[in-house]
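**Q** Below is one structure. I have some questions about it.
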């Protein structure tokens, strides 16, 4: 075991020694790349990668990373120093495995699988800015009156100016540390390389060595790399080469740019090497309210190299994207130079920064130009002149000559809301509106231009409203009839004349007539000359079934109201077919036609018989004198199981919401409609009927039932009594109630007073033979018990456990099966209980909760008794 441990320690020591030599060799190549020095590097050809631990390989990667060497460059340099290809592949696989185990992803290790060009650092910076900006959201910037201030920050959309990484490499792009370069050799010889430029400015190609390209453009670096490769690929040289070299840019390096001055977020930012000034300004949030947007300077190596005018991008769309930033550039945003304000009828009324030499034409271009209603002939400007302000006018021919100064305020006015040649015509013409005032235009010519007069034009009078220069007005009255007939001279018109021609209906009330009663659509209808009663009824949809054509009245406004007469009543007999004859009465304006109802007209009245009868169901009432016995007889009489003493009549109260005859008719027609719709083989007549039903049912009025107003009045009266009387419980208003009847006596003696006359909606219910008695109320055990003949109420109460403690025995009552009620009677302390029948309900009320007597009340009672005794003793000594 000791020998084995010793051999393992020696093996581990040897691996560390080889690793140290390997790292020393790498560093020596990096910092001393000359061949004479490289000869002194220890030989690493004997390194066995399998003997290296994961910690040792991580240390190797860390040290290489500190020297700016990538993993692929590390493998290439190891091969240059004599590491066998087999061991180099092992080293590459070990590095890949370590990366996968630590990050879960595999990085690029082979130049044959080129990744798309990336600019990771810039994307990370951009995302950081996007996260920071919402925290700095400022409504003053979003709503700032300064033009362009919200360009680099907008609440809803962000214009990031992020450079495109898919564009071809610019020939003037200057290489630097961190750039990846792809070198493709094609033709007779084929090979490809990819290498990163290290911090010393070198790119190292496999088997070629380091090449210094930092600070060179892509075009210059291509020449240097081509000359270096010509020593290894002779086909590159000569005037007729057969091998070609292409140098392209891979992943883009990042640069650091300093943004200072009047910015929202001044500081140093890491950006892509493709970035322009606009990218940098976006990263810094753009200029603040005090910063210039017309003269943003780029300072490189202490000297200004360019300036950017943001207005050139906003107004002309020129972003100057060819000017790319370099590492350590300074973007300086100085305070604004001068500002001028434009208000009024321009498309962008804002405050603009102006340069020396800018004219109002330039300022108008920044403002987007005039709106459609701008007054362009003269612009008013307010200018600061020393201690005060002065007002000047700029005329249209001076826009390109008038120089703008800081502090100017330009007001663009609006055209006047007036017309130079307008006349108007309104009223009874076919085309009302505005018309052009041509030379010599007269009233008759204007009417002709308006397509002439309507038939209802009032020809006796027309008015012309004329406006004078002092805005005073005058109304001229003319007779259209005389002008048309040529008896009066035509009227010449002036600017802003308004001609109004009235309609004859504008000068009188609108005439109408009314129809009420038994018509299908009662209401108000327009009056026409020679209109008869029949015509009005036809307009109202015709007569209803209940209409009495022999009892129609016309109520006409009386001319003798001073004598107390309000209407003249004219009786009319209407033709059954609604044909107007010689005897038809002609209506006058405001007449009211009332079509009365036939006497005793009613629709079918129905009653229902249910329970133990031979033919239960719905029965129409035959006549006004039909009684209970009649309907029972029509129902086939009682069955053998009927219990006539328990029969009940359920009758509607006056509060029952009865549907009107019209509503019932509508329901019947809807049922007919459904039947026709279900039949696919309707005749032509049935199809026409169906069409009429669809038309009628869509407009049929819904009316209340008979006596609805009376029932509503009674309901309000009862409710008012219960609300105003203290201690009166609210009355529950029912739509139906049970009426106790003695059906057995009715059948034995039909037509007697017990045999009630039936009404619409009555329900006669005959139960089956009952054999129980139900106990309710304040008994020990409320239950339903079997009926036993010749047993009194006390027997059934005892069957329920007897009276409870708080039972009110003397108020016990019984409800029989037919709804009749009987109560307990008392005489000299003796109680007489009512008889019990099958189906009865015995109800025992309670006395309510016992209220304890308080000590104070006991004292009061005792005092009162003592006082009473004292008074009695005084009266009877």
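Numbering (the numbering used here), first residue to last: 81 to 957. For glycine and all other residues, C-beta sits at the position ideal for the given N, C-alpha and C. On a predicted model such as this, the values are computed, not experimentally measured, just so you know.
#1: Taking 8 Å as the limit between beta carbons, can you name the residues of its chain near residue 686, skipping five residues before and five after?
#2: Sort out for me which residues DSSP pairs residue 77 with in a bridge.
#3: Can you list, in chain order, the residues of its chain whose CB lies under 8 Å from that of residue 141, leaving out five sequence neighbours each side?
#4: By the three-class DSSP mapping on this structure, what secondary structure does residue 380 have?
#5: Rounded to a whole number of angstroms, what is the C-alpha to C-alpha distance between residue 926 and residue 938?
#6: Of the residues 129, 137, 134, which one's Cα is nearest the Cα of residue 169?
#7: Kindly indicate which residue of 460, 732, 502 has the alpha-carbon position closest to the one of residue 815.
#8: Do you know offhand how far residue 923's Cα is from residue 917's?
#9: Excluding five sequence neighbours on each side, which residues of the same chain lie with their C-beta closer than 6 Å to the C-beta of residue 554?
#10: Cβ of residue 576 within 7 Å of any heavy atom in the ligand GTP?
#11: Please report the straight-line C-alpha distance between residue 473 and residue 459, rounded to a whole angstrom.
#12: May I ask you to report which of helix, strand or coil DSSP gives residue 938?
#13: By the three-class DSSP mapping on this structure, what secondary structure does residue 505 have?
#14: In the DSSP assignment, find the alpha helix (DSSP H) that holds residue 613 and state where it starts and stops.
#15: Residues in the same chain with beta-carbon distance under 6 Å from residue 416, minus the five sequence neighbours each way, listed in chain order, please.
#16: Short check: CB of residue 494 to CB of residue 454, under 8 Å?
#17: What first and last residue would you give for the beta strand (DSSP E) that runs through residue 605?
#18: Are the Cβ atoms of residue 838 and residue 711 separated by less than 8 Å?
#19: Roughly how many angstroms lie between the CA atoms of residue 334 and residue 412, to the nearest whole one?
#20: Please classify residue 889: does DSSP put it in a helix, a strand, or coil?
#21: So for residue 69, helix, strand or coil by DSSP?
#22: For residue 715, which of 691, 534, 723, 704 has the nearest alpha-carbon?
#23: Report yes if the CB atom of residue 560 is closer than 8 Å to the CB atom of residue 579, and no otherwise.
#24: Decide yes or no for the touch test of the segment 527-544 against the segment 496-511: beta carbon pairs closer than 8 Å, at least 3 of them.
#25: Report all residues from its chain with a CB closer than 6 Å to the CB of residue 471; omit the five preceding and five following residues, and keep chain order.
#26: Is residue 613 near residue 605, with beta carbons less than 8 Å apart?
#27: Thinking just about the alpha-carbon of each residue, which of 422, 718, 171 is nearest to the one in residue 138?
#28: What are the partner residues of residue 843, as DSSP defines its beta bridges?
#29: Considering only the alpha carbon of each residue, which of 600, 608, 645 lies closest to residue 623?
#30: How about residue 491 and residue 254: do their beta carbons lie closer than 8 Å?
#31: Relative to the C-alpha of residue 343, which residue among 337, 336, 356, 361 is closest?
#32: Alpha carbons only, please: which of 484, 519, 890, 881 is nearest the one belonging to residue 501?
#33: If distances are taken between C-alpha atoms only, which option among 856, 465, 868, 497 comes closest to residue 485?
#34: Counting contacts by CB-CB distance shorter than 8 Å, is residue 663 in contact with chain B?
#35: Anyone know if the C-beta pair for residue 340 and residue 388 falls short of 8 Å?
#36: Compare the Cα-Cα distances from residue 655 to each of 301, 944, 618, 760 and report the closest residue.
**A** Taking the geometry as given:
#1: Once the five neighbours on either side are set aside, the close Cβ partners of residue 686 are 698, 699, 700, 701, 840, 841.
#2: Look at the range of the chain in this structure, 81 to 957, and you will see that residue 77 is not part of it.
#3: Sequence-distant Cβ neighbours of residue 141 in its own chain, meaning closer than 8 Å and more than five residues away, are 151, 154, 175, 178.
#4: In the structure shown, residue 380 falls within a strand segment according to DSSP collapsed to helix, strand and coil.
#5: Cα-Cα distance, rounded: 26 Å.
#6: In terms of CA proximity to residue 169, 129 leads the group 129, 137, 134.
#7: Ranking 460, 732, 502 by CA distance to the CA of residue 815 puts 732 first.
#8: Approximately 14 Å, taken between the alpha carbons.
#9: Within the same chain, residue 554 has close Cβ partners 546.
#10: With respect to the ligand GTP, the structure offers nothing, as it holds no ligand at all.
#11: C-alpha of residue 473 to C-alpha of residue 459: approximately 6 Å in a straight line.
#12: Collapsing the DSSP output to three states places residue 938 in a helix.
#13: Strand, per DSSP.
#14: Taken as a continuous stretch (DSSP letters only), the alpha helix (DSSP H) holding residue 613 covers 613-619.
#15: For residue 416, where only same-chain residues beyond five positions count, the Cβ hits under 6 Å are 372, 433.
#16: Yes. Within cutoff.
#17: Annotation for residue 605: the continuous beta strand (DSSP E) segment containing it runs 603-606.
#18: Yes, Cβ-Cβ distance for residue 838 and residue 711 is below 8 Å.
#19: Separation of residue 334 and residue 412 (C-alpha to C-alpha, rounded to the nearest whole angstrom) is 20 Å.
#20: If DSSP states are grouped into helix, strand and coil, residue 889 belongs with the helices.
#21: Limits of the chain in this structure are 81 at one end and 957 at the other, which puts residue 69 out of reach.
#22: Ranking 691, 534, 723, 704 by Cα distance to residue 715 puts 691 first.
#23: Not a contact, by the Cβ cut-off of 8 Å.
#24: Yes, the segment 527-544 is in contact with the segment 496-511.
#25: Within the same chain, residue 471 has close Cβ partners 462.
#26: Cβ distance not < 8 Å, so residue 613 and residue 605 don't count as in contact.
#27: Comparing Cα-Cα distances from residue 138 to each of 422, 718, 171, the minimum goes to 171.
#28: The partner list for residue 843 (beta bridge, DSSP) reads 688, 730.
#29: For residue 623, the nearest C-alpha among the options comes from 600.
#30: Contact flag unset, no.
#31: When each option's Cα is compared against that of residue 343, the closest is 361.
#32: It is 519.
#33: Looking from the CA of residue 485, the closest CA among 856, 465, 868, 497 belongs to 465.
#34: Within the model displayed, chain B is absent; a lone protein chain is all it includes.
#35: Taking C-beta atoms as the reference points, residue 340 and residue 388 fail to come closer than 8 Å.
#36: Checking every option, the nearest Cα to that of residue 655 belongs to 618.
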